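*Asks:*
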Amino acid sequence: MDREDFHPWKDMMGDDWDNENRFEGWGAGEWSDLKATEKVLLRHQRHLDILIEAGVKGFRFDAAKHIRPRTLKAYVDYIRQMCPDAYIYLEVLSDDPEQHAPFLGWADTT
1 MDREDFHPWK DMMGDDWDNE NRFEGWGAGE WSDLKATEKV LLRHQRHLDI
51 LIEAGVKGFR FDAAKHIRPR TLKAYVDYIR QMCPDAYIYL EVLSDDPEQH
101 APFLGWADTT
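Here you go:
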């Protein structure tokens, strides 16, 4: 990966954790996150392949609500394709049903 594979970092304040700006570029103020480009997605798929080939059957996506739903769905679908009996858990950490709504039917959430 190189610089072009990352979103520029930016600060988030207050309720930004759960608003429409929560997806990329802020990294909890500690890092820049990866763009969901084909290059990045393919690299992640290779990593998932290694894990599945090693026998991993459980996948936890930390801070799932901070990943664009279409990107997260691509990962979930890929895992289901490669390992249909895998257990997938999405960490949403919200008591707001709206935060969970995009992920209903994909995997367990909290």
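Going by full-length UniProt numbering, the letters in the sequence shown line up with residues 1 to 110, in that order. Yeah, the Cβ is synthetic: ideal placement off N, Cα and C, and Gly gets one too. Since we're looking at a predicted model, the values are computed, not measured.
#1: Determine the direct distance from the alpha carbon of threonine 109 to that of aspartate 62, and round the result to whole angstroms.
#2: Give, in chain order, every unbroken run of the alpha helix (DSSP H) that is at least 4 residues long and sits entirely within the region 51–97.
#3: Indicate whether at least one CB of chain B lies closer than 8 Å to the CB of threonine 110.
#4: Which residues in the same chain have their Cβ closer than 8 Å to the Cβ of residue 112, if we skip the five residues on either side of it in sequence?
#5: Looking only at DSSP bridge pairs, what is threonine 109 linked to?
#6: Would you mind sorting lysine 57 into buried or exposed? The rule is 16 or more other CB atoms within 10 Å of its CB.
#7: Nearest to phenylalanine 59 by CA position, among Val76, Gln99, Asp5 and Arg68, is which residue?
#8: Leaving out five residues before and five after aspartate 5 in sequence, what residues of the same chain have Cβ atoms less than 7 Å from its Cβ?
#9: Taking DSSP as the reference, what is the three-state secondary structure of leucine 48?
#10: Less than 8 Å between the C-beta atoms of alanine 54 and leucine 90, yes or no?
*Replies:* Concretely, from the data shown:
#1: 10 Å
#2: 69–82
#3: The structure shown contains no chain B; it is built from a single protein chain.
#4: Nothing can be reported for residue 112, as the shown portion of the chain is limited to 1 through 110.
#5: Leu90
#6: exposed
#7: Val76
#8: Leu34, Lys35, Thr37, Lys39 and Val40
#9: helix
#10: no
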